[in-house]
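Written below as structure tokens is the structure these notes are about.
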Amino acid sequence: MRTEHFNRAYLDRVLSGETVDVWYHLGTTSADTSLPLLSGLHAVVVAGSGHRIERMAQQWGARRGTALLLKFAKDERFTMYYTNGVLFSSHGMGMPSASIAIQELMKLVYVVKGGDPAEMAKVFFCRVGTSGGLCDPGTVVVSTEGLQADLRPYRLLALGEEVSFDPAFPSACADAIVEANAGAPFPVIKGATIGCNSFYIEQNRVDGAIALCDDAQKLEWLKRAHARGVRNIEMEAPMLAGFLNHWGFPRFATVCCTLVDRLRGDQVTATAEELKRYSENAETALWNYLESPAYAAGR
Ligand code: R2B
Ligand code: URA
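Sequential numbering from 94 applies to the sequence shown in my numbering.
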């Protein structure tokens with residue numbers, strides 16, 4: 094862990110109880126009396142939608158054969174559940190929203206693990222999501238890098254100056270996820286992921302209310318991205334990689350199904366049945382990894 098990047102000046106006052114940290118968007122605080130129930134936390138799974146999170150938490154509980162499903166009461170912003178060592182939280186759409194969830198989840202992990210870097214390093218983070226693909230719909234893409242629409246790492250302004258974050262996803266973890274899915278009845282591939290600040294303009298769609306490119310320009314961008322190793326396009330991966338690398342988490346991933354081949358079109362025209370199957374592919378890919386010997390071995 095990169096302990097020099099922990100905001101210890103603040104977080105250690107939270108740990109000691111001197112300050113209660115309000116995780117406003119998660120709908121809980123560092124003084125929540127249910128936090129001790131999370132002492133066995135080994136994974137944080139995030140997804141855009143609250144419905145998906147509820148379904149995934151129920152599925153994980155059923156797979157592990159447990160009745161314990163803790164739901165955090167306030168779900169106005171994000172929906173959060175805990176069961177069997179895994180904390181499930183929604184993050185909304187896009188990096189401004191998801192970055193709030195990730196920061197509050199990082200602080201929650203810090204408190205639950207008593208600020209101990211060795212214990213925090215055992216916690217695996219994973220986003221399970223949907224994306225547009227540069228491949229056949231239904232393919233599951235495990236991210237190797239998270240890049241913004243200009244193919245550069247995630248950037249934010251701090252004190253008005255640009256700060257850039259590390260875009261790499263841990264390769265041993267991406268490899269282990271692909272290996273755990275060797276027998277899966279759908280393709281699971283590795284590839285760089287573009288995370289955009291909008292669904293239409295930054296993803297260079299020509300079907301928006303506002304379109305700032307034409308078909309030829311869109312295809313040029315998609316082909317340039319493909320040549321750079323990009324296999325899917327969504328709205329959160331660069332931030333996720335950037336923030337988790339900042340604290341030095343050794344094991345995290347983004348596992349997304351693809352809903353549409355962007356080289357063939359912009360509209361998501363898959364049927365409800367296909368969309369369900371595609372989403373389940375990404376979830377199955379995660380379960381296969383979480384239940385693999387590689388995961389138990391910390392890879
Ligand atoms: C994938 O799907 C959402 C947009 O439809 C967004 O959150 C993302 O990354
Ligand atoms: N999510 C995205 O961000 N883009 C797509 O094309 C599909 C899902």
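C-beta atoms are modelled at their ideal positions from N, C-alpha and C, and glycine is treated no differently.
message: Taking the straight line between their C-alpha atoms, what separation do you get for threonine 121 and aspartate 243?
response: Taking the sequence shown and counting its residues from 1, the one referred to as residue 121 is at position 28. Taking the sequence shown and counting its residues from 1, the one referred to as residue 243 is at position 150. Looking at the two C-alpha atoms, the distance is approximately 36 Å.
query: Start and end of the beta strand (DSSP E) containing leucine 250?
result: Taking the sequence shown and counting its residues from 1, the one referred to as residue 250 is at position 157. Looking at the DSSP string, the run of the beta strand (DSSP E) that includes leucine 250 is 248-251.
- request: Taking only heavy atoms of the ligand R2B into account, decide whether any of them is closer than 8 Å to the Cβ of serine 182.
  value: Walking along the sequence shown from the start, residue 182 turns up at place 89. No, the Cβ of serine 182 stays beyond 8 Å of every heavy atom of the ligand R2B.
- prompt: Is cysteine 289 near the ligand URA, going by C-beta to nearest heavy atom under 8 Å?
  reply: Looking up residue 289 in the sequence shown gives position 196. Cysteine 289 Cβ: within cutoff of the ligand URA.
message: Looking only at its chain, what residues have a beta carbon closer than 7 Å to the beta carbon of proline 343, apart from the 5 residues adjacent to it on each side?
response: Translated into positions along the sequence shown, residue 343 becomes position 250. Taken in chain order, the residues that qualify are Ala214, Pro263.
- prompt: So what's glutamate 254 in DSSP terms, helix, strand or just coil?
  reply: If you number the sequence shown from 1, residue 254 lands on position 161. Correct three-state label for glutamate 254: strand.
- prompt: arginine 220 by DSSP, collapsed to three states: which one?
  reply: Reading the sequence shown from its first residue, position 127 is the one you call residue 220. Looking at arginine 220 - three-state DSSP - the assignment turns out to be strand.
field: Neighbourhood of threonine 159 by C-beta distance below 8 Å, restricted to the same chain and skipping five residues each side
entry: Locating residue 159 in the sequence shown gives position 66, where the first residue counts as 1. Result list for threonine 159: Thr176, Asn177, in chain order.
- prompt: When you compare each of Cys350, Phe258, Glu212, Ala251 to arginine 324 by their alpha carbons, which one comes out closest?
  reply: The residue labelled residue 324 in the question sits at position 231 within the sequence shown. Ranking Cys350, Phe258, Glu212, Ala251 by Cα distance to arginine 324 puts Cys350 first.
message: For leucine 119, tell me which candidate among Glu111, Met332, Lys164 has the shortest Cα-Cα distance.
response: Counted from its first residue, the sequence shown places residue 119 at position 26. Selected option, being the one with the closest Cα: Lys164.
message: Can you tell me where the alpha helix (DSSP H) holding asparagine 374 begins and where it ends?
response: For the purposes of this step, residue 374 is identified with residue 281 of the sequence shown, where counting begins at 1. Note, asparagine 374: alpha helix (DSSP H), 365-383.
task: Examine the Cβ distances between the stretch 314-323 and the stretch 220-238 and report whether three or more of them are shorter than 8 Å.
output: yes
field: C-beta contact flag for valine 216 and lysine 200 at 9 Å
entry: Indexing the sequence shown from 1 puts residue 216 at position 123. Indexing the sequence shown from 1 puts residue 200 at position 107. Cβ distance not < 9 Å, so valine 216 and lysine 200 don't count as in contact.
- prompt: Within the chosen definition, does the stretch 359-372 reach the stretch 282-290 through at least 3 CB pairs nearer than 8 Å?
  reply: no
task: Note the first and the last residue of the continuous alpha helix (DSSP H) segment covering tyrosine 203.
output: The count along the sequence shown starts at 1 and reaches residue 203 at position 110. That run of the alpha helix (DSSP H) goes 188-205.
Opposing strand residues paired with methionine 173 [DSSP bridges]: As a position in the sequence shown, residue 173 is number 80, starting the count at 1. The partner list for methionine 173 (beta bridge, DSSP) reads Ser182.
query: How long is the line joining the alpha carbons of serine 127 and tyrosine 174, rounded to whole angstroms?
result: Residue mapping note: residue 127 aligns to position 34 of the sequence shown, counting from 1. Residue mapping note: residue 174 aligns to position 81 of the sequence shown, counting from 1. Answer to the nearest angstrom: the Cα atoms are 12 Å apart.
field: Same chain, Cβ closer than 6 Å to cysteine 266, neighbours up to 5 away in sequence not counted
entry: Residue 266 sits at position 173 when you count from the first residue of the sequence shown. Arg344, Ala346, listed in sequence order.
- prompt: Taking 8 Å as the line, does the beta carbon of methionine 328 fall inside it for any heavy atom of the ligand URA?
  reply: Counted from its first residue, the sequence shown places residue 328 at position 235. Methionine 328 Cβ: within cutoff of the ligand URA.
- request: Would you grab the beta carbon distance between cysteine 219 and valine 115 for me? Rounded to a whole angstrom, and I think it's under 8 Å.
  value: On the sequence shown, residue 219 is found 126 positions in, with the first residue counted as 1. On the sequence shown, residue 115 is found 22 positions in, with the first residue counted as 1. Not really, about 26 Å apart at Cβ, beyond 8 Å.
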